[in-house]
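Remarks on the structure that follows.
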Amino acid sequence: MKENKQIDLERLRKDSHGMMKAISREAMKYQFVAGSHNSIKLRRSLALIERLDLVNKTLLSTDIHKVHSKRLADRYINKWNKFKKSKIDSWSKLPLKIRKQIPKPNDCGLASSHLRFFTLIDSVTEVNHKSALGAVKKMKTELLKKLKLHRGLWCVGVVECEVISLKMMKEIQRVGKNTNSEKRKLGVCDVLATDIKNSIYRNEDSLFLIHFHGVLLSTKEETFTLFNDSLRKSKQWSKAPRQIEIKKLSESFGGKGKTTDRNLKDISTYITKGGNDWCFNKSYLRYKIGFELDDSEVIDETTWVLKNWRRSEQLRKEHSEDGIEDSLSMTPSEIAELTLLIDQIMSLNRTRTGYLISTGS
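Letter by letter, the sequence shown follows residues 1278 to 1638 in this note's numbering.
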């Protein structure tokens, strides 16, 4: 009897590593319970793949996000203020007789003519950081080529990779409770997923959505139209409606005027978030069912939350029922793949800003 117990203990010791691997693989599939904090989701997901070294290294870290968003905001605002000053200085040098006929340039008017918020939805891939990194590199190369064709066009923006759940989007549509924003997003993603449907990944519920958000500044307003037209000539970017959006910045919020500096700060905070969903100025590792910037009046995350975030009722219910799985939460496997991808994109240059696309002077 004693000998049998000894044999069993030896077998357990030998099998323990394999057992832990099996447990980890199973744990990677499940969604977190409602109310789980972002930092806990991130740490637990990375622990399962033994990459806790990445907890505070990517844009998913609150501290890293703050540093990178401020750096980008400063870059936007400095560029804008220099441009604005040059326009006002040029006006000031005009003869008095001409100045009386031409209004002095102001922040709002100049932004309306010379600034745009630009979104490009590129493609979808399986939730695999290596495959997605290849798609990101390709998009960066092709977009830079297009941007460089237009003289006087300045662009700085961020490549984002979002985990989308086609299964969840379709379930919401099936019960007829999705908003127009969510219907449009499902339409775009479904079209882009056509190639995936014919591959070994056709049964995947989740995918990476590769896209770009940035700010355009042009010396001539008509350049925006020319740039838009050139993008639409690309087969990759003309597969579905709404792959390309070039919009003016909002001039007001909550009935009050909104300065260009405020707009640029909001944009930089939003596009460097790293995470998937965005609510009440915080990033969440959850599926985002609709487009966040869905009309000409919406140019920042707060506006979108107030107009479109209809899931608040569901969230209140989830948070009141302790231990209930969050149906919109990303799985540990998806969070781990997203973190690995963001880390590799950031590592495309020495300053850990490989997510940036920048052109113009």
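Positions of the beta carbon are idealized from the N, C-alpha and C atoms, including for glycine.
Bear in mind that the values here come from a model prediction, so they are computed numbers and not experimental data.
For Lys-1510, no beta strand (DSSP E) segment is defined, and its DSSP state is neither H nor E. Looking only at His-1342, Ala-1388, His-1488, the smallest Cα-Cα distance to Ser-1527 is reached by Ala-1388. The three-state reading of DSSP puts His-1391 in helix, counting H, G and I together. DSSP, read as helix, strand or coil, puts Gly-1429 in coil.
Counted as a single uninterrupted DSSP element, the alpha helix (DSSP H) harbouring Thr-1339 occupies residues 1339-1369. Excluding the 5 residues flanking it on each side, Glu-1459 has same chain C-beta neighbours closer than 6 Å at Ile-1566, Gly-1567, in chain order. Between the beta-carbon of Ile-1634 and that of Cys-1438 there is about 14 Å, and that puts the pair past the 8 Å contact cut. Put simply, the backbone Cα of Gly-1551 is about 34 Å away from that of Asn-1383.
Apart from the 5 residues on each side of it in sequence, Ile-1354 sits with its Cβ closer than 6 Å to the Cβ of Asp-1538, Leu-1541 in its chain, given in chain order. Per DSSP, the unbroken alpha helix (DSSP H) holding Ser-1322 starts and ends at 1315-1325.
Rounded to the nearest whole angstrom, the CA to CA distance from His-1490 to Met-1623 is 16 Å.
The Cβ neighbour count for Leu-1430, taken over all protein chains shown within 10 Å, is at least 16; the residue is labelled buried. Per DSSP, Ile-1487 lies in no alpha helix (DSSP H) segment; the continuous beta strand (DSSP E) that holds it begins and ends at 1483-1495. The beta carbon of Ser-1560 lies closer than 6 Å to those of Lys-1550, Gly-1552 in the same chain, with the five residues before and after it left out. Burial state of Ser-1483 is buried, judged by a 10 Å Cβ sphere holding 16 or more other Cβ atoms. Leu-1562 is positioned such that its CB atom lies no closer than 8 Å to that of Lys-1343. Look at the beta carbons and you see the segment 1605-1620 touching the segment 1396-1415: at least three pairs across the two are nearer than 8 Å. In the three-state DSSP reduction, Leu-1625 falls in the coil class, being neither helix nor strand.
Here the alpha carbon of Ser-1511 sits roughly 40 Å from the alpha carbon of Ile-1379.
The alpha-carbon of Ser-1338 is positioned some 12 Å away from that of His-1314. Tyr-1564 has no beta-bridge partner at all, per DSSP.
In the three-state reduction of the DSSP assignment, Leu-1605 falls in the coil class, being assigned neither a helical nor a strand state.
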